[in-house]
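Worksheet: the structure to be examined is printed underneath.
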Amino acid sequence: MKILVVSDIHANWPALQAIEESFDACLFLGDLVDYGTDPLPCIDWVQKNATLAVRGNHDHAVAQRVAVRGGSPFRRLTAATRQAQYNAITPDKMRYLSRLPVTASQTIDGLKFHLVHATPRDPLDEYLYEDPEGWSARLKHVDADFVCVGHTHQQFHIKLDGVEILNPGSVGQPRDGDPRAAYAVIENGKVELRRVAYDIDASLEQMRSAGVESWVLQMAEAVLRTGGRSRGEHPE
180 MKILVVSDIH
190 ANWPALQAIE
200 ESFDACLFLG
210 DLVDYGTDPL
220 PCIDWVQKNA
230 TLAVRGNHDH
240 AVAQRVAVRG
250 GSPFRRLTAA
260 TRQAQYNAIT
270 PDKMRYLSRL
280 PVTASQTIDG
290 LKFHLVHATP
300 RDPLDEYLYE
310 DPEGWSARLK
320 HVDADFVCVG
330 HTHQQFHIKL
340 DGVEILNPGS
350 VGQPRDGDPR
360 AAYAVIENGK
370 VELRRVAYDI
380 DASLEQMRSA
390 GVESWVLQMA
400 EAVLRTGGRS
410 RGEHPE
C-alpha cells in the first residue's frame, strides 16, 4: 500500500502537476487556495484523488469570505491574491471547500490516521514545528498511528511514543529554503519525505495573466525561487 500525503498547495497548479507518484490512497492536509492564482485545477485534483481531506485556514477564509486582517507581508500577499480565488472558483468547488472537515480520521491498510491542518489542539491556526515536547502535549486523547499535519510549510517526521507525526511540507510554497515542491509517501508503513522540481516560471506567468500587481509578482517570485528564505514570518 502506497499513500501519497500532500498539503499547502496554495493554488500553484504547476507544482502539483509535477508530483507524478503512483498511489493507492491520497491524504490532503489543507490549504488549496491563496498565494497563487490558479485554484480551480488544484481543487479539482484533490476532489478527484484524495481519499481523505481536511480544511486549511486559507480554505476556510475563502469559503467563508473572512476578510484578511493585518499588514504582514504574507497577509498582504493573501489579500492581493484573494480576488483571483473568487474569480476562478466555481460555485460547486466553493461548496467543496466549505464542506471540508476540520479534522478527519480513518484506518487505511490497518493503520490509524488522524488528519488536521495545524495541530489537534487548534486544527486550523496553531503553528508547531519539529518540537517533540510540544507535540507530546498535543497528542493526548489522540488515538492514531499517524498524525498528519501541514500549515508550517516545512517537512518533518517525528516518532513519539508509538505515534508518528508527519508534515509533508508545502507543495505550492515551501518555506524551508528548498524551492522544490514538497510531499511525502508512506509505503508499507514507512515514511519518505520527497521533493520534486517544478516550473516556477509557469506559476509566475499564470499569476501575471491573472492580472496581479507588479509588487505581488515580485514577492511571489522571491518566495518561490528561494524556498521562502527571503521571508521570516509565519506562512499565514
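All residue numbers for the sequence shown refer to our numbering, where the first residue is 180 and numbers rise by one. Heads up, the beta-carbon is just placed ideally off N, CA and C, and yes, glycines get one too.
Between which two residues does the beta strand (DSSP E) holding Glu371 run? Counted from its first residue, the sequence shown places residue 371 at position 192. Where Glu371 is concerned, the enclosing beta strand (DSSP E) stretches over Lys369 to Val375.
As assigned by DSSP and simplified to three states, the class of Ile198: For the purposes of this step, residue 198 is identified with residue 19 of the sequence shown, where counting begins at 1. It is coil, neither helix nor strand.
Integer Cβ distance of Ile198 from Ile287, believed to fall under 8 Å: Your numbering for residue 198 matches position 19 in the sequence shown. Your numbering for residue 287 matches position 108 in the sequence shown. The Cβ separation is near 19 Å, so there is no contact.
So, for Ala194: in the same chain, excluding its five sequence neighbours on each side, which residues have a beta-carbon less than 6 Å away from its beta-carbon? Stepping through the sequence shown from its first residue, residue 194 is reached at position 15. Around Ala194: Val350, Gly351, Ala360 and Tyr377.
Since Ile344 is in the beta strand (DSSP E), which residue starts that stretch and which ends it? Here residue 344 refers to the residue found at position 165 of the sequence shown. Val342 to Pro347 is the extent of the beta strand (DSSP E) around Ile344.
Residues bridged to Ser393 by DSSP? Here residue 393 is taken as the residue at index 214 of the sequence shown, counted from 1. Ser393 is not bridged to any residue.
The alpha helix (DSSP H) that contains Ala258, what's its start and end? Residue mapping note: residue 258 aligns to position 79 of the sequence shown, counting from 1. Segment Pro252 to Ala267, the alpha helix (DSSP H) holding Ala258.
Starting from Lys181, trace the beta strand (DSSP E) in both directions and tell me its first and last residue. Position 2 of the sequence shown, counting from 1, holds the residue named residue 181. Counting along the chain, the beta strand (DSSP E) containing Lys181 begins and ends at Lys181 to Val185.
Check whether the Cβ of Asn228 lies closer than 7 Å to any heavy atom of the ligand NAP, and answer yes or no. The ligand NAP is not part of this structure, which contains no ligands at all.
If you check the beta carbons only, do Leu303 and Val321 fall under 8 Å apart? Translated into positions along the sequence shown, residue 303 becomes position 124. Translated into positions along the sequence shown, residue 321 becomes position 142. In this structure, Val321 does not lie closer than 8 Å to Leu303 by Cβ.
Bounding residues of the beta strand (DSSP E) (the contiguous stretch that carries Val326): Residue numbering aside, residue 326 sits at position 147 when the sequence shown is read from its first letter. Counting along the chain, the beta strand (DSSP E) containing Val326 begins and ends at Phe325 to Cys327.
What would DSSP say about Leu219, mapped onto helix, strand or coil? Within the sequence shown, the letter at position 40 stands for residue 219. In the structure shown, Leu219 sits in a helix (DSSP, three-state: H, G or I).
What number of angstroms, rounded off, separates the C-alpha of Gly356 from the C-alpha of Trp394? Sequence index remark: in the sequence shown, residue 356 carries index 177 (1-based). Sequence index remark: in the sequence shown, residue 394 carries index 215 (1-based). Each residue's Cα considered, the two are about 21 Å apart.
Going by C-alpha to C-alpha distance, which of Ile337, Asn191 and Val185 sits closest to Glu384? For this step, residue 384 is matched to residue 205 along the sequence shown. That would be Asn191, whose Cα lies nearest to the Cα of Glu384.
Determine whether the beta carbon atoms of His189 and Asp203 lie at a separation below 8 Å. As a working note, residue 189 is residue 10 in the sequence shown. As a working note, residue 203 is residue 24 in the sequence shown. Going by C-beta atoms, His189 is not nearer than 8 Å to Asp203.
Using the rule of at least 16 other Cβ atoms within 10 Å of the residue's Cβ for burial, across every protein chain shown, is Gly250 buried or exposed? Here residue 250 is taken as the residue at index 71 of the sequence shown, counted from 1. It counts as exposed.
Quick check: Ala283 and Leu231, are their CB atoms within less than 8 Å of each other? As a first step, residue 283 is located in the sequence shown; it is residue number 104 there, counting from the start. As a first step, residue 231 is located in the sequence shown; it is residue number 52 there, counting from the start. Yes, they are a contact pair.
Taking contact to mean 3 or more Cβ pairs, one atom from each stretch, closer than 8 Å, check whether the segment 306 to 316 and the segment 219 to 226 are in contact. no
For Ala267, tell me which candidate among Met398, Gln334, Leu396 and Ala389 has the shortest Cα-Cα distance. Locating residue 267 in the sequence shown gives position 88, where the first residue counts as 1. For Ala267, the nearest C-alpha among the options comes from Ala389.
Would Asn346 pass as a contact of Gly329 if the rule is Cβ separation under 8 Å? Taking the first residue of the sequence shown as position 1, residue 346 is located at position 167. Taking the first residue of the sequence shown as position 1, residue 329 is located at position 150. Yes, they are a contact pair.
Using 8 Å as the threshold, is the C-beta distance between His332 and Asn236 below it? As a first step, residue 332 must be located in the sequence shown, where it is residue number 153. As a first step, residue 236 must be located in the sequence shown, where it is residue number 57. No, these two residues do not count as a Cβ contact at 8 Å.
Does the beta-carbon of Thr216 have 16 or more other beta-carbons within 10 angstroms, so that it is buried, or is it exposed? Sequence index remark: in the sequence shown, residue 216 carries index 37 (1-based). It is buried - the Cβ of Thr216 has at least 16 other Cβ atoms within 10 Å.
Going by beta carbon distance, what residues of the same chain come within less than 8 Å of Val233, once the five residues before and after it are set aside? The sequence position of residue 233 within the sequence shown is 54, counting from 1. Closer than 8 Å at Cβ, skipping near neighbours: Phe207, Leu208, Gly209, Leu279, Pro280, Val281, Thr282, Ala283, Leu294, Val295, His296 and Pro302.
Buried or exposed for Gln264, please, with buried defined as at least 16 other CB atoms from any protein chain shown within 10 angstroms of its CB. Here the question's residue 264 lines up with position 85 in the sequence shown. Burial call: buried.
By the DSSP assignment, the alpha helix (DSSP H) with Ile379 in it spans what residues? Counting from 1 along the sequence shown, the entry for residue 379 is found at position 200. Segment Ile379 to Ser388, the alpha helix (DSSP H) holding Ile379.
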